[in-house]
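These notes are about the structure you will find just below.
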Amino acid sequence: MISTVEALSPADMGALRKAIDHELAGLFQELAMAWQEMHDLTRSQGQENWLGTHLADVGAEMEQQQEVAARINWVESWLGQCKDALARMEMSVYGVCVDCGLPIPFPRLRALPTAVRDIECQRRFEARPKDEGCADCLMSARFVG
Ligand SMILES: [Zn+2]
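Structure, rendered in C-alpha cells:
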C-alpha cells in the first residue's frame, strides 16, 4: 500500500491544501452571489407577472434564470470536488490514483488539486465506453441475462 506521505512532501501537501482552501473560499463567494442573483430574478419575475409584463421579458428572464441555475450547478459540483479533495487529505489518501493506486505526480496536482487520477488513468477513464465502468449499468447488465 502506497501512502501519500511517500508521494508528497508536507510542504507540497500544504501548498495544495492552501490552493484548495483558496478555491473553496472563491467558490462559496460565487455561490452566494449566484443564489442572490437567482433570488432577485425570481422575485422580480413574480412582481412583473403580477403587473402583467410582456411575455418577451418573462422569456428573457427565464433564460437568465436558467443560466444562473446552470452556474449554481457548476459551482456546487466543483465545490463538492474540492471538499472531497480535503476529505481525502484528512484520510491520508490524497494524491493517490483511485484506479491504479500509484501516487499522482505533484505537477498534475498543482495544476488540478482535485485530481483523483494520474494522467494516464484519467485518459483511459475518459476513453472508456460509456456503459463500462458505471456500477449501475454493470449491475443491471448482470441481471438482464
Ligand atoms: Zn492511475
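Taken in order, the sequence shown gives residues 107 to 251; the numbers are from the numbering used here. Just so you know, even glycine gets a beta-carbon here, dropped at the ideal spot from N, CA and C. These numbers come from a predicted model, not from an experiment.
Comparing alpha-carbon positions, which option in the options lies nearest residue i?
i	options	result
LEU137	TRP184, ARG194, ASP190	TRP184
GLY207	ARG223, PRO213, LEU192, ALA217	ARG223
TYR195	GLU129, CYS227, PRO219	First, the residue type needs correcting, since residue 195 is Met and not Tyr in the sequence shown. Nearest C-alpha to MET195: PRO219.
ARG149	SER115, ASP205, GLN135, MET168	MET168
VAL202	GLN228, ILE178, ARG177	GLN228
For residue i, name the three-state secondary structure that DSSP assigns.
i	result
GLY251	Only weak support is given to the placement of GLY251: the predicted model assigns it a pLDDT of 43, under 50, and the value that follows is read from those uncertain coordinates. Residue state, collapsed to three classes: coil.
THR116	A quick correction: the sequence has Pro, not Thr, at residue 116. If DSSP states are grouped into helix, strand and coil, PRO116 belongs with the helices.
VAL202	strand
ALA125	helix
GLU169	helix
Along the chain, where does the alpha helix (DSSP H) that runs through residue i open and close?
i	result
LEU215	212-217
ALA221	Premise fails: ALA221 is in no alpha helix (DSSP H) and is neither H nor E.
ARG230	225-233
Suppose contacts are defined by Cβ-Cβ distances below 7 Å. Is residue i in contact with residue j by that definition?
i	j	result
VAL181	LEU133	yes
ASP118	PHE231	no
Could you name the residues whose beta carbon sits closer than 5 Å to any heavy atom belonging to ligand 1, keeping them in chain order? CYS203, ASP205, CYS206, ASP224, CYS227
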